[in-house]
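Inspection log for the structure reproduced underneath, given as structure tokens.
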Amino acid sequence: MVNDLDARLPGMQAPRFVAACVHLRTKTQYYRAADRGQPPGMIADSATLSYWCAETQDHIGPDRDGCDPRRCQASRPCYSAPPIPV
Numbered sequence: 041m042v043n044d045l046d047a048r049l050p051g052m053q054a055p056r057f058v059a060a061c062v063h064l065r066t067k068t069q070y071y072r073a074a075d076r077g078q079p080p081g082m083i084a085d086s087a088t089l090s091y092w093c094a095e096t097q098d099h100i101g102p103d104r105d106g107c108d109p110r111r112c113q114a115s116r117p118c119y120s121a122p123p124i125p126v
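For the sequence shown, my numbering assigns the number 41 to the initial residue and increments by one for each residue that follows.
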């Protein structure tokens with residue numbers, strides 16, 4: 041059985057996942073199977089998704105800069121890397 045929330049419209053592309061801060065969130069992480077299956081620190085990159093920081097619960101991070109996969113990288117002082125698998 042196909043999950044209706046994962047069904048794609050004709051012409052819709054699969055999400056592209058990129059590495060980012062583990063505190064970066066978007067709502068698709070909570071309902072889309074492809075997003076839920078990603079390890080910590082991997083997030084869908086899209087110009088149409090809204091992002092927020094789990095630390096501030098806002099679209100602005102602790103360093104007062106905006107949140108999205110391109111900005112939430114190791115160059116920021118508030119960046120948290122994913123745990124290293126043992």
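Every residue gets a Cβ at the ideal spot worked out from N, C-alpha and C, and that includes glycine. Note that the coordinates shown come from a computational prediction; the quantities given were computed from them, not determined experimentally.
Closest residue to residue i among the options (Cα-Cα distance)
i, options, result
"residue 121", "83, 61, 57 and 93", "61"
"residue 86", "53, 94 and 124", "53"
"residue 76", "55, 96, 93 and 92", "55"
"residue 68", "90, 98 and 58", "90"
"residue 66", "105, 104, 103 and 109", "109"
"residue 58", "112, 94, 124 and 73", "112"
"residue 64", "92, 114 and 96", "92"
Buried versus exposed, by CB contacts within 10 Å (16 or more), residue i
i, result
"residue 100", "exposed"
"residue 80", "exposed"
"residue 70", "exposed"
"residue 42", "Residue confidence is low: residue 42 scores 48 on pLDDT, short of 50, so the model does not pin down where it sits. Its coordinate-derived value is still stated next. The residue is exposed, with fewer than 16 neighbouring Cβ atoms inside 10 Å."
"residue 124", "exposed"
"residue 94", "exposed"
"residue 44", "At residue 44 the pLDDT is 49, less than 50, meaning the model places this residue with poor confidence and gives no usable figure here."
Those residues which DSSP pairs with residue i across a bridge
i, result
"residue 58", "83"
"residue 93", "64 and 98"
"residue 106", "100"
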